[in-house]
Each structure stands twice: as structure tokens, then as C-alpha cells.
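>
There are 2 protein chains.
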Amino acid sequence: MLISELAARTGVSARALRHYEERGVLVAGRDPNGYRAYSESDVVRVLQIKTMIDAGLPTSTIRRYIDCARTGDHGVTLEMCPALRAEVDAIAARIEEQRASLEEKRERLGALTPEG
Amino acid sequence: MLISELAARTGVSARALRHYEERGVLVAGRDPNGYRAYSESDVVRVLQIKTMIDAGLPTSTIRRYIDCARTGDHGVTLEMCPALRAEVDAIAARIEEQRASLEEKRERLGALTPEG
DNA sequence: CTTGACCTTCACGCTGACGTGAACCCCTAC
DNA sequence: GTAGGGGTTCACGTCAGCGTGAAGGTCAAG
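Set out below in C-alpha cells:
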């Protein structure tokens, strides 16, 4: 299928799909005319990628561990190996940092505004 | 005083001080040789700016409302006018959005990692 | 033949506060 | 004179995932 169909079926924009390819997380075949050619399995793959993106995983990490992704009845999950576990933990830690930073901003903003 | 001294006394880098000037939030005098010349009051002003930056206020907002800043026993506060109130509320809303987004990422990341 | 809806590859824009050289001037001290 | 430690102004790099034209090729339909 063409890129616009894959986009429609996954809810991911065509631009995003090309971006995934740029980052090496989604390899596409090519038709003789140069158009990107996708298969049914790519639909699943894109949904896996999207799930990982939404979970805060950077494309650099997704590229290396996309094969750990499994799509089951409970949605997308990752088969953890030590290396992936370490990356995920680091990402979780960063998210926690950002959350703390935002929390501080909220407090500072509140302290800055009398009777806010 | 010169820029490095102001930097040392405020904990704000010289680069950041020049950045503040670029953004129009900190006006500096000039010595005959072209060096930026700061006064004692600039120390207070920089600390006010830093407090506002740390609270999430963008330099564009700080530039317009820096004169609302007051430094007292309870730290830096802002004298609120309707316009500033609106901006601060908008910033608070954005912080809340980001917080919600992070919260969702945390959940999705947890759902992605079995027995995480 | 000509729309017109697809597709392609660049490549800048965005959100923000700086970091980091590059290339060069000022002034003091040895 | 010559280091050497300031200072100055550009101006691109950073972090991320796309949005948004721009310029142009492909192909089925009228």
C-alpha cells in the first residue's frame, strides 16, 4: 500500500512515517516508480512504534529495540533484555526529573503570584 | 562591575546575562572601552529575572513586566495587573498540560514494560 | 492534452534558554 | 614585548518530532 493509506490506517501522518524512516525505525520497500511500498505487517509495526513514541521512547532507542515489541490482547508490550531495561529505566528517570522540574515551576510560579 | 563579577554574584552565566540583554530584559551601561557596566541594583534585578525564569516565565513576558517585580523578605513576588495575571494564568495552564502529558507517558511506559 | 490527486526529496520552522567556539579588542603585569 | 585573563559580537548547535510549503515526477481519468 501507499504511504497515505498506511497513514490513514494507523492515524500517523505521512510526514511522521517518512520521519520514522529517516530515523531508521521503519524500513519501506519501493515500487518501480520510487513510491514507498508498505505491507500489512507494517500497519502493526507502525502502531508499535507509535505506542513507544507515546511512552516517551526516543527513535534512537526504538530503532535498536523495535524487535522486542509484541502486540497482544493487552496492547503493545516489550520483551525486556538487560540493555533495554537499562534504557527504559533511564527514560523513566528522565520523565521523573521533568515531572519534578515542572512541579518546582508550579510552586515557584505560585510563590511569585501573591493571592494567585 | 564587569559581567563576570555579576555572573559570579548571581550564579547566572555571562552568556545568560548577554542573552537577557538580547531579549531586552536586562539593560546594561557601557564603559568607554565598550565593556558592559553593571550596578549593584542589577544584582537584584538579575535575581528577579532568574526567579521568573525558574518559574517558567518566558523572557518575552519578563521583558514587559519586569517592573512588577518586588524583592522582599519572602523572596521575589509580582504585583499583578490584569494583563500580567492573564499571562501567568496561561503559563500555569501550559505547565499543567505538560504535567498531564508527562503523567500519560509515565503510564504508557509502565504499560509497555511487563513486570516493570 | 490536461487536470488533479498521488508521490518524491529537500530543508526551514517551531519551543527556549542558553553552550560553544571563532575571530578579535582591552588592559595589566612581568 | 609578550603573555594572559578579561571583554566584544556574531552565529550555529542543542533536544525531538514532526508541520509545512517548495519544486517536480507519476499515473489514472475525462
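Protein sequences appear in the order of chains A and B. FYI, the numbering for the first sequence is 1 to 116, going by this note's numbering. FYI, the numbering for the second sequence is 1001 to 1116, going by this note's numbering. Don't be surprised by glycine CBs; every beta carbon is placed ideally from N, CA and C.
1. For S1060(B), which residues of its own chain have a beta-carbon under 8 angstroms away from its beta-carbon, when the five flanking residues on both sides are left out?
2. Does the Cβ-Cβ distance between T113(A) and K50(A) come in under 8 angstroms?
3. Any chance the region 1027-1038 of chain B sits against the region 89-102 of chain A, with 3 or more Cβ pairs inside 8 angstroms?
4. Alpha carbon to alpha carbon, what distance is there between V1043(B) and H1019(B)?
5. Tell me, please, whether the CB atom of M80(A) is closer than 8 angstroms to any CB atom in chain B?
6. Count the other CB atoms within 10 Å of the CB of A1007(B); is the residue buried (16 or more) or exposed (fewer)?
7. Note down, in chain order, all residues in the region 59-79 of chain A with a beta-carbon under 7 angstroms from any beta-carbon belonging to chain B.
8. Shortest alpha-carbon distance to K105(A) belongs to which of M1001(B), G1029(B), E1079(B) and D1054(B)?
9. Does the Cβ of G1056(B) have 16 or more other Cβ atoms within 10 Å, making it buried, or fewer, making it exposed?
10. Assign A86(A) to one of two classes, buried (16 or more other C-beta atoms within 10 Å of its C-beta) or exposed (fewer than that).
11. Going along the chain, which residues of its own chain have a beta-carbon closer than 6 angstroms to the beta-carbon of M1(A), five neighbours each way excluded?
12. Counting only C-beta atoms, is V46(A) closer than 8 angstroms to chain B at any point?
13. Just reading off the alpha helix (DSSP H) that T59(A) is part of, what are its end residues?
In short:
1. Within the second sequence, residue 1060(B) is the residue found at index 60, counting from 1. Counting only residues of its own chain and dropping the five nearest sequence neighbours on each side, S1060(B) has a CB closer than 8 angstroms to the CB of R1023.
2. On the first sequence, residue 113(A) is found 113 positions in, with the first residue counted as 1. On the first sequence, residue 50(A) is found 50 positions in, with the first residue counted as 1. No, the Cβ-Cβ distance between T113(A) and K50(A) is not below 8 angstroms.
3. No, they do not touch.
4. In the second sequence, counting from the first residue as 1, residue 1019(B) sits at position 19. In the second sequence, counting from the first residue as 1, residue 1043(B) sits at position 43. If I take the Cα positions, the gap works out to 16 angstroms.
5. Residue numbering aside, residue 80(A) sits at position 80 when the first sequence is read from its first letter. Chain B, which has a Cβ nearer than 8 angstroms to the Cβ of M80(A), makes this yes.
6. The residue given as residue 1007(B) occupies position 7 in the second sequence. Here A1007(B) is buried: its Cβ has 16 or more other Cβ atoms, across all protein chains shown, within 10 Å.
7. From the region 59-79 of chain A, only G75, V76, T77 and L78 have a Cβ closer than 7 angstroms to chain B.
8. By 1-based counting over the first sequence, the position of residue 105(A) is 105. The option with the nearest alpha carbon to K105(A) is D1054(B).
9. What you label residue 1056(B) is simply residue 56 of the second sequence in a count that begins at 1. With 16 or more other Cβ atoms within 10 Å, it is buried.
10. Here residue 86(A) refers to the residue found at position 86 of the first sequence. Exposed, since its Cβ has fewer than 16 Cβ neighbours within 10 Å.
11. If you number the first sequence from 1, residue 1(A) lands on position 1. When the five nearest sequence neighbours on each side are left out, the beta carbons in the same chain lying within less than 6 angstroms of the beta carbon of M1(A) are those of Y38, in order along the chain.
12. Against the first sequence, residue 46(A) aligns to sequence position 46. Interface criterion not met: the Cβ of V46(A) is under 8 angstroms from no Cβ in chain B.
13. Within the first sequence, residue 59(A) is the residue found at index 59, counting from 1. Segment T59 to Y65, the alpha helix (DSSP H) holding T59(A).
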